[in-house]
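Chemist:
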Amino acid sequence: MVAVIQKPTLGQRLMGLVEGFDGPLAFAVFMLACVGLLIMYSSGFDHGTRFVDHARNMVLAGFIMFVVAQVPPQKLMSWAVPVYAMGVTLLIAVAIFGLTKKGARRWLNIGVVIQPSEILKIAMPLMLSAWFQKREGQLRPLDFAMAMLILGVPVGLIMKQPDLGTALLVLSAGLSVIFFAGLKWRWILPPVVLALVGVVMLVIMEPTLCLADVDWRVLHEYQRQRVCTLLDPARDPLGKGFHIIQGMIAIGSGGFWGKGFMQGTQTHLEFIPERTTDFIFAAFGEEFGFIGGMVLVAGFFFLVYRGLVIASQAPTMFSRLLAASVSMIFFTYAFVNMGMVSGILPVVGVPLPFVSYGGTAMVTLGFALGILMSIAKSKQLVQS
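Position one of the sequence shown corresponds to residue 1 (full-length UniProt numbering), numbered consecutively onward.
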């Protein structure tokens, strides 16, 4: 008897590559990407090739997601230490001989100019997830202390650049891994209570602390100015408070239903600074109003929810921690961006995922989505 081996067709091979992808997650990302293209066309139609470049960046992010999704979680775990070590080494190199632009030393020229802090947005959850995986079932307080040290070194180097926005994103990614690894509430509550007390004291003492001759020491002067501007934007309405004030005016002028697509006056008369990047949510709120804003918020919540579902069903501790942390990265991006544009958080330069223009951020988001898809595929393989 002669055995007949039938080779799979090209279509079957391609379908095998996407088999196991999480459909609801892919749908949520697709809808957010459509929203991003829609508002980018409106806010950036007179901004050179911004719309075309944004679409190109989305295609690049999709390609990266597709490639990373083919890498099994076990392989991703083997990357953790090398990628983390490379990221920290490059941050040290930035501190020694990095490029300085606008008073910040954040870039490194290695033939091409790169921003090494972006690597840590992915390297940090990878490293900490691998750290806790190797200690599964025997976690001690010392393990959590070491995890905080692993987190603290790159965060400190990034803050020294200074880059408060990226430091916040890396810190939140690392803290989410530590929290989901089983950090006890009695260790969480004291710093949370202390932070809340600090915020209340800051609000109460704002008239004194924000005087021109007061040095906060723990923050750079421009960071102090951002906090003081958040507490009282009217202190410098045509200078440091201009961004926040114009953002709130644009969102408020959108009302309940919005002014309509391409009808945003604050946007098209160029009152909104950075209307295609950090403050694109203000342009969106002006044109699509409260209803549009709530739909966008719901889209991000669904994206984070699907990520957490994937985490809850992951077969290993590494996969669970990594998926949960990546999901919280999306939450932090969206929460911080919308918060700073709405005037409830300081302006720290964090983009809105899939909506704001930015090639580097889109690459990071594509890599993060690829990780989630890889973990979703591994769940399917285990069940089959």
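Using N, Cα and C, we set each Cβ at its ideal position, and we do this for glycine too. Only a predicted model underlies this, so the values are computations on that prediction, with no experimental measurement involved.
Run the CB neighbour count on Leu238, radius 10 Å, all protein chains shown included, and call it buried at 16 or more, exposed below.
Modeler: Here residue 238 corresponds to residue number 238 of the sequence shown, with the count starting at 1. So Leu238 ends up on the exposed side.
Chemist: Can you check which of these residues, Asp278, Ser374, Pro273, Leu365, is closest to Val59 by C-alpha distance?
Modeler: To locate residue 59, count along the sequence shown from 1; it is residue 59. Ranking Asp278, Ser374, Pro273, Leu365 by Cα distance to Val59 puts Leu365 first.
Chemist: Just to confirm before moving on: does the CB-CB distance between Val347 and Met338 stay below 8 Å?
Modeler: Translated into the one-based positions of the sequence shown, residue 347 becomes position 347. Translated into the one-based positions of the sequence shown, residue 338 becomes position 338. No, these two residues do not count as a Cβ contact at 8 Å.
Chemist: Do the CB positions of Val177 and Val88 come within less than 8 Å of each other?
Modeler: Within the sequence shown, the letter at position 177 stands for residue 177. Within the sequence shown, the letter at position 88 stands for residue 88. No, they are not a contact pair.
Chemist: Helix, strand or coil for Ala123 per DSSP?
Modeler: Counted from its first residue, the sequence shown places residue 123 at position 123. DSSP places Ala123 in helix when its eight states are reduced to three.
Chemist: Quick one: grab the DSSP three-state call for Val113.
Modeler: Taking the first residue of the sequence shown as position 1, residue 113 is located at position 113. Three-state DSSP puts Val113 in a strand.
Chemist: Can you give, in chain order, each stretch of the alpha helix (DSSP H) that sits fully within the stretch 314 to 358 and has at least 4 residues?
Modeler: Within the stretch 314 to 358, the complete alpha helix (DSSP H) runs of at least 4 residues are 317 to 342.
Chemist: Which word fits Pro116, buried or exposed, when buried means at least 16 other C-beta atoms lie within 10 angstroms of its C-beta?
Modeler: Residue numbering aside, residue 116 sits at position 116 when the sequence shown is read from its first letter. Pro116 should be labelled buried.
Chemist: Could you tell me if the beta carbon of Pro154 falls within a distance shorter than 7 Å of some heavy atom in the ligand ATP?
Modeler: With respect to small molecules bound, the structure shown includes none, and the ligand ATP cannot be examined in it.
Chemist: Which whole-angstrom value describes the C-beta separation of Asn57 and Met362, a residue pair presumed to lie in contact below a C-beta threshold of 8 Å?
Modeler: On the sequence shown, position 57 is the one that residue 57 refers to. On the sequence shown, position 362 is the one that residue 362 refers to. That pair is a contact at about 4 Å.
Chemist: Terminal residues of the continuous alpha helix (DSSP H) containing Thr89?
Modeler: Position 89 of the sequence shown, counting from 1, holds the residue named residue 89. Per DSSP, Thr89 belongs to the alpha helix (DSSP H) from 73 to 97.
Chemist: Would you tell me roughly how many angstroms separate the C-alpha atoms of Leu308 and Ala324, rounded to the nearest one?
Modeler: Your numbering for residue 308 matches position 308 in the sequence shown. Your numbering for residue 324 matches position 324 in the sequence shown. So the two alpha carbons sit approximately 5 Å from each other.
Chemist: Expressed to the nearest angstrom, what Euclidean distance is found between the alpha-carbon atoms of Leu175 and Arg235?
Modeler: Within the sequence shown, the letter at position 175 stands for residue 175. Within the sequence shown, the letter at position 235 stands for residue 235. Looking at the two C-alpha atoms, the distance is approximately 34 Å.
Chemist: Do the stretch 112 to 129 and the stretch 155 to 172 meet, that is, are 3 or more Cβ pairs less than 8 Å apart?
Modeler: Result yes; three or more Cβ-Cβ pairs closer than 8 Å.
Chemist: Per DSSP, which one or two residues make a beta bridge with Ala104?
Modeler: As a working note, residue 104 is residue 104 in the sequence shown. Answer by DSSP bridge pairing, in chain order: Lys101.
Chemist: Hey, Met124 and Val170: beta-carbon distance below 8 Å or not?
Modeler: Translated into the one-based positions of the sequence shown, residue 124 becomes position 124. Translated into the one-based positions of the sequence shown, residue 170 becomes position 170. Yes, the pair counts as a contact, with Cβ atoms nearer than the cut-off.
Chemist: On a Cα-Cα basis, can you pick out the residue from Met294, Arg50, Thr49, Gly62 that is closest to Phe27?
Modeler: Stepping through the sequence shown from its first residue, residue 27 is reached at position 27. Checking every option, the nearest Cα to that of Phe27 belongs to Gly62.
Chemist: Could you work out which residue in Leu230, Ala181, Lys101 is closest to Ser312 when comparing CA atoms only?
Modeler: Along the sequence shown, read from residue 1 onward, the residue named residue 312 stands at position 312. The residue with the shortest Cα to Cα distance from Ser312 is Ala181.
Chemist: Could you tell me the distance, in whole angstroms, from the CA atom of Leu369 to the CA atom of Thr360?
Modeler: Counting from one through the sequence shown, the residue named residue 369 turns up at place 369. Counting from one through the sequence shown, the residue named residue 360 turns up at place 360. Rounded to whole angstroms, Leu369 to Thr360 spans 14 Å at the Cα level.
Chemist: Determine the burial state of Gly111: buried for a count of at least 16 other Cβ atoms within 10 Å of its Cβ, exposed for fewer.
Modeler: As a first step, residue 111 is located in the sequence shown; it is residue number 111 there, counting from the start. The residue is exposed, with fewer than 16 neighbouring Cβ atoms inside 10 Å.
Chemist: In whole angstroms, what is the alpha-carbon distance linking Met1 and Ile375?
Modeler: Looking up residue 1 in the sequence shown gives position 1. Looking up residue 375 in the sequence shown gives position 375. Only weak support is given to the placement of Met1: the predicted model assigns it a pLDDT of 48, under 50, and the value that follows is read from those uncertain coordinates. Cα to Cα, Met1 sits roughly 42 Å from Ile375.
Chemist: Which value, in whole angstroms, describes the spacing of the CA atoms of Lys134 and Thr229?
Modeler: Counting from one through the sequence shown, the residue named residue 134 turns up at place 134. Counting from one through the sequence shown, the residue named residue 229 turns up at place 229. The straight-line gap from Cα to Cα measures roughly 45 Å.
Chemist: To the nearest angstrom, how far is it from the Cα of Thr267 to the Cα of Phe302?
Modeler: Position 267 of the sequence shown, counted from the first residue, corresponds to residue 267. Position 302 of the sequence shown, counted from the first residue, corresponds to residue 302. Each residue's Cα considered, the two are about 28 Å apart.
Chemist: Could you compute how far the alpha carbon of Leu352 sits from the alpha carbon of Ile272?
Modeler: In the sequence shown, the residue the question calls residue 352 occupies position 352. In the sequence shown, the residue the question calls residue 272 occupies position 272. Going by the C-alpha atoms only, they are around 16 Å apart.
Chemist: By alpha-carbon positions, which one of Met31, Leu38, Ser129 ends up nearest to Met317?
Modeler: Numbered from its first residue, the sequence shown carries residue 317 at position 317. Out of Met31, Leu38, Ser129, Ser129 has the C-alpha closest to the C-alpha of Met317.
Chemist: Got a sec? Which residues, its chain only, sit under 8 Å from Leu37 by beta carbon, not counting five neighbours each side?
Modeler: In the sequence shown, the residue the question calls residue 37 occupies position 37. So the list reads Phe51, His54, Ala55, Met58, once near-sequence residues are dropped.
Chemist: Please state the DSSP three-state secondary structure of Pro162.
Modeler: Taking the first residue of the sequence shown as position 1, residue 162 is located at position 162. Three-state DSSP puts Pro162 in coil, outside helix and strand.
Chemist: Classify Asp143 as helix, strand or coil using the three-state DSSP reduction.
Modeler: As a working mapping, residue 143 is identified with position 143 in the sequence shown. If DSSP states are grouped into helix, strand and coil, Asp143 belongs with the helices.
Chemist: Cα-Cα, which of Lys377, Phe281, Ala298 is closest to Ala314?
Modeler: As a working note, residue 314 is residue 314 in the sequence shown. Ranking the options by Cα distance to Ala314, first place goes to Lys377.
Chemist: Going by DSSP in three states, Met262 sits in which element: helix, strand or coil?
Modeler: Locating residue 262 in the sequence shown gives position 262, counting from the first residue. Residue state, collapsed to three classes: coil.
Chemist: With DSSP run on the structure shown, which of helix, strand or coil describes Thr49?
Modeler: The residue given as residue 49 occupies position 49 in the sequence shown. In the structure shown, Thr49 sits in coil (DSSP, three-state: anything other than H, G, I, E or B).
Chemist: I need the boundaries of the alpha helix (DSSP H) containing Ile244, first residue and last residue.
Modeler: Position 244 of the sequence shown, counting from 1, holds the residue named residue 244. From DSSP, the alpha helix (DSSP H) with Ile244 extends over 242 to 253.
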